[in-house]
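In my numbering, the protein residues as written are 1292 to 1522.
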């Protein structure tokens, strides 16, 4: 289930399956983090405010008063989803602000795969710069949980954090959040602006009626003029 703060109304829709989100988004760009080059069973650490920039998106792991994020490529265990290289936050600590932040190029449509480990099936809080937030329940490995959103206001950043209240709760110094396959694009607009099915439309009845009346008067005066000239 998703829980949201609907007050600001910037969100047009949320999606929990990638094919549906793909169908309403154009110009999709996806980063599966493979090109980071993390070896099988290895990891890379990003512990600075600058985090990691991939294309137009910057990723930072906030960990209390510091910064911690890793790129990992697990081959077994509770954090193995068969998805190759993924990003993860620091081990869960309930007493400090802790989240992954994605700073975006003012996108209107974005989606990604989420997971949790130690244990699986933990809720993830998704906060948007537009003011709304949502909870996405993750699944047991190796199934990642997709989440996507479209808005009518540019999304400048997204924050992802473990939260309580799901099937399982995060455990201090143990639970982690996982992120993979980040995609973004443009909200699809049907041809013709939607509703009309596109294409040119005929004249309105009012316009057609006026044209017929005007043509009738013109024909009447033409005939009258020629009739008088023949007399």
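Note that the Cβ used here is the ideal one computed from N, Cα and C, for glycine as well. Owing to the predicted nature of the structure, the values given are computational and were not obtained by experimental measurement.
Limits of the beta strand (DSSP E) - the one that residue 1339 falls within: Position 48 of the chain shown, counted from the start, is the residue given in the question as residue 1339. Per DSSP, residue 1339 lies in no beta strand (DSSP E) segment and is marked neither H nor E.
DSSP bridge partner residues for residue 1360 (one or two, in chain order): Against the chain shown, residue 1360 aligns to sequence position 69. Answer is 1337, 1380.
Three-state secondary structure assigned by DSSP to residue 1310: Numbered from 1 along the chain shown, position 19 holds the residue referred to as residue 1310. Correct three-state label for residue 1310: helix.
Check whether residue 1444 and residue 1436 have beta carbons under 9 Å apart: Counted from its first residue, the chain shown places residue 1444 at position 153. Counted from its first residue, the chain shown places residue 1436 at position 145. When the beta-carbon positions are compared, residue 1444 and residue 1436 stay at least 9 Å from each other.
Beta-carbon separation (whole angstroms), residue 1432 vs residue 1459, contact threshold 8 Å: On the chain shown, position 141 is the one that residue 1432 refers to. On the chain shown, position 168 is the one that residue 1459 refers to. About 12 Å separates the two Cβ atoms, so there is no contact after all.
Residue 1369 to residue 1314 span [Cα, whole Å]: Numbered from 1 along the chain shown, position 78 holds the residue referred to as residue 1369. Numbered from 1 along the chain shown, position 23 holds the residue referred to as residue 1314. Whole-angstrom Cα-Cα distance: 32 Å.
Straight-line gap, residue 1335 to residue 1483 (C-alpha atoms, nearest Å): Within the chain shown, numbered from 1, the residue matching residue 1335 stands at position 44. Within the chain shown, numbered from 1, the residue matching residue 1483 stands at position 192. Near 48 Å, if we compare the C-alpha coordinates of residue 1483 and residue 1335.
The beta strand (DSSP E) enclosing residue 1408, as first and last residue numbers: To locate residue 1408, count along the chain shown from 1; it is residue 117. Annotation: the continuous beta strand (DSSP E) that includes residue 1408 extends over 1389 to 1408.
Check: residue 1446 C-beta below 8 Å from any heavy atom of the ligand FAD: The ligand FAD is not among the ligands present in this structure, which contains no ligands whatsoever.
Touch test, the stretch 1306 to 1324 against the stretch 1448 to 1468, Cβ-Cβ under 8 Å, three pairs minimum: With the cut-off at 8 Å, the stretch 1306 to 1324 and the stretch 1448 to 1468 do not touch.
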